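Presented below is the structure to which this report refers.
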Amino acid sequence: MDTPLHDRIDYSKMILTEEEAGTDPISLFGKWMDQAQRSGVPEPHAMTLATAGSLTISCRIVLLRSFDAEGFVFYTNYNSRKSMDLERDPRAALNFFWPQLERQIRIEGKVEQVSDGESDAYFATRPLESRIAAWSSDQSRVVADRKQLDERFERWQQRFINSEVPRPLHWGGYRVRPQRLEFWQGRPSRLHDRIAFEHFADGSWARVRLQP
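What the sequence shown shows, in our numbering, is residues 7 to 218, in sequence order.
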């Protein structure tokens with residue numbers, strides 16, 4: 007017999023109308039992100055990234071680092087599993103879930119690498135230890151134990167002790183160019199608000215309401 011994990015929550019904090027959604031999903035995303043940050047949501051920039059590999063679909067949490075009308079940017083090791091997936095199939099899905107606000111945002115689109123200049127500029131803002139870690143870690147590769155991982159970091163730390171830490175060529179950003187966004191606002195009785203935007207080749211967006 008299955009054991010219930012917890013009681014269900016009847017969402018009732020806010021609503022999402024067509025008027026509030028507007029006609030620009032990027033503007034609405036910015037509004038919701040700002041509200042999440044000001045509301046004290048832990049790690050509001052954390053998002054689930056789903057990719058399709060050769061045999062399976064996988065997902066993991068990454069951090070959104072910037073967004074605009076062109077897309078949503080995150081950074082990673084270009085030799086990682088997620089990067090290999092994107093080489094095979096340059097499509098991805100993102101998901102933000104902010105339970106404190108009873109909100110969710112789903113984004114689907116095509117992925118491309120950002121320019122070297124963008125990657126260089128962001129890499130320079132990272133803490134020193136994070137920049138060294140980008141050199142020391144072969145992301146997604148097997149390592150014997152934690153000791154070996156720490157020793158690799160220490161060796162690279164010594165190598166850069168009296169010099170700047172440049173961005174390694176195997177590390178940089180990806181931009182998810184959105185083709186579809188869906189904004190979900192929890193409502194009572196599971197009659198949630200779901201408003202989706204579809205992107206057309208001429209740059210326009212079509213807005214529809216979905217049944218929950």
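For every residue, glycine included, the Cβ atom is placed at its ideal position computed from N, Cα and C.
Nothing here was measured: the structure is a model prediction, and the numbers come from that model.
Return the first residue and the last residue of the alpha helix (DSSP H) that residue i is part of.
i	result
residue 31	31-44
residue 140	134-142
residue 17	Run containing residue 17: none; DSSP gives neither H nor E here.
residue 27	24-27
residue 130	Looking at the DSSP string, residue 130 is not in any alpha helix (DSSP H), and its letter there is neither H nor E.
Between which residues of its own chain and residue i is the CB-CB distance below 7 Å, once the five residues before and five after are set aside?
i	result
residue 69	51, 52, 80
residue 42	50, 104, 107
residue 217	none
residue 29	211, 213
residue 31	187, 203, 211
Only counting the same chain, and skipping five residues up and downstream in sequence, which positions put a Cβ closer than 6 Å to that of residue i?
i	result
residue 214	202
residue 197	218
Looking only at DSSP bridge pairs, what is residue i linked to?
i	result
residue 212	204
For residue i, which residues from the same chain have a beta carbon less than 8 Å from its beta carbon, with the 5 sequence-adjacent residues on both sides left out?
i	result
residue 66	54, 55, 88
residue 117	92, 96, 97, 98, 180, 181, 182, 183
Should the segment 162-179 be regarded as contacting the segment 210-218, the criterion being three or more beta carbon pairs within less than 8 Å?
-> A contact is defined here as three or more CB-CB pairs under 8 Å, and the segment 162-179 fails this definition with respect to the segment 210-218.
Tell me the start and end of each unbroken beta strand (DSSP E) in the segment 137-207 that is at least 3 residues and wholly inside, in chain order.
-> Runs of the beta strand (DSSP E) inside the segment 137-207: 177-191, 199-205.
Kindly provide the ranges of any beta strand (DSSP E) runs that are 3 or more residues long and lie completely inside the segment 34-120, ordered along the chain.
-> Listed in chain order, they are 52-58, 63-69, 72-74, 77-83, 97-104, 109-119.
Any chance the segment 179-199 sits against the segment 10-24, with 3 or more Cβ pairs inside 8 Å?
-> Taking 8 Å as the limit for Cβ pairs, the verdict is that the segment 10-24 does touch the segment 179-199.
At least three beta-carbon pairs within less than 8 Å, the segment 131-142 to the segment 161-168 = Yes, the segment 131-142 is in contact with the segment 161-168.
Using 8 Å as the Cβ pair cut-off and three pairs as the minimum, do the segment 154-164 and the segment 90-107 touch?
-> These segments do not touch.
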